[in-house]
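Residue numbers (my numbering): 197 to 457. Glycine included, C-beta positions come from ideal geometry on N, C-alpha and C. Here the structure is a predicted model, which means the values were calculated and not measured. Quick notes on the structure that follows.
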Ligand code: SF4
């Protein structure tokens, strides 16, 4: 009996010590060691374990159910990348220099989607580098986000020669990879950059003026449309409306965070 009482008091003592240690580590290192509710915005490259589809997420999963290729069962973004990086399902596989999977936070609440890699991206294997990429970094910074807070990718993973618009067949072959990426990330929002990306995602043939200012839906994910950074470099007058678009996204994101806490 006495030994049981001694064991209980020893356990309580260990718990108290562990709690005191945790409080001390939290005060010293904060979110680095003691992630809080908004840790997913801190640029973590850690994989989120695939979750069973529920609510709006099921729309993505339903689209993927009909696909029988092995990559559709990839348990993580890293494994998906490894499984599809040698893809030759459309002619762009032959002409590309580098496959451009996408980069950023694997647990992001916001996924930024452009049209296709350009020359700089084809050479580096990274999305949105070069001047347009630098402007995207500034746009994100303007709403207090770093590139590593979001996930950045394109509809096509390989560069169309001469930066031409993607062909319907190329989109048809490549878009399922994007669906799988989104199914693994489970973001709350998509920021669609440019008319081609927006119309492709939303299956529309609308003008930018018809797409901006409205929150759209892509398989259960809210979509905000704005100008492509490359277009902003050519047309300074579009910077203000683009600013308004990303501000709207930031407000919705903040509301989402507040509702979740
Ligand atoms: S663009 Fe997409 S579908 Fe075409 S080869 Fe590249 S990864 Fe495959």
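- For residue 414, the enclosing beta strand (DSSP E) begins and ends at 412–414.
- The nearest non-hydrogen atom of the ligand SF4 is less than 7 Å from the C-beta of residue 285.
- The segment 395–407 makes no contact with the segment 283–294: fewer than 3 CB pairs, one atom from each, lie closer than 8 Å.
- Taking a C-beta distance under 8 Å as the contact criterion, residue 429 and residue 414 do not qualify as a contact pair.
- At the C-beta level, residue 312 and residue 355 come within 8 Å of one another.
- For the 8 Å CB-CB criterion, residue 347 and residue 301 form a contact.
- With fewer than 16 other Cβ atoms inside 10 Å of its own Cβ, residue 327 counts as exposed.
- Counting every other CB atom within 10 Å of its CB across the protein chains shown gives residue 395 a total of 16 or more, marking it as buried.
- Excluding residues up to 5 positions away in sequence, 260, 267, 268, 270, 276 lie with their Cβ nearer than 8 Å to the Cβ of residue 376 in the same chain.
- DSSP links residue 388 through a beta bridge to 309, 421.
- Beta-bridge partners assigned by DSSP to residue 299: 348.
- With contacts defined as CB atoms closer than 8 Å, residue 310 and residue 416 fail to qualify as a contacting pair.
- Counting along the chain, the unbroken alpha helix (DSSP H) around residue 335 starts and ends at 326–338.
- About 10 Å separates the beta carbon of residue 379 from that of residue 273, a gap too long to meet the 8 Å contact definition.
- Closest in alpha carbon position to residue 362, among 283, 444, 393, 446, is 393.
- Where residue 359 is concerned, there is no enclosing alpha helix (DSSP H), because DSSP gives it neither an H nor an E.
- Only residues of its own chain outside the window of five on either side were considered, and among them 289 have a CB closer than 6 Å to the CB of residue 283, listed in chain order.
- Boundaries of the alpha helix (DSSP H) harbouring residue 317: 315–320, taken from the DSSP string.
- Judged by their CB atoms, residue 386 and residue 419 are nearer to each other than the 8 Å cut-off.
- For the pair residue 305 and residue 374, the Cα-to-Cα distance works out to about 15 Å.
- Here residue 298 is buried, its C-beta having at least 16 other C-beta atoms within 10 Å.
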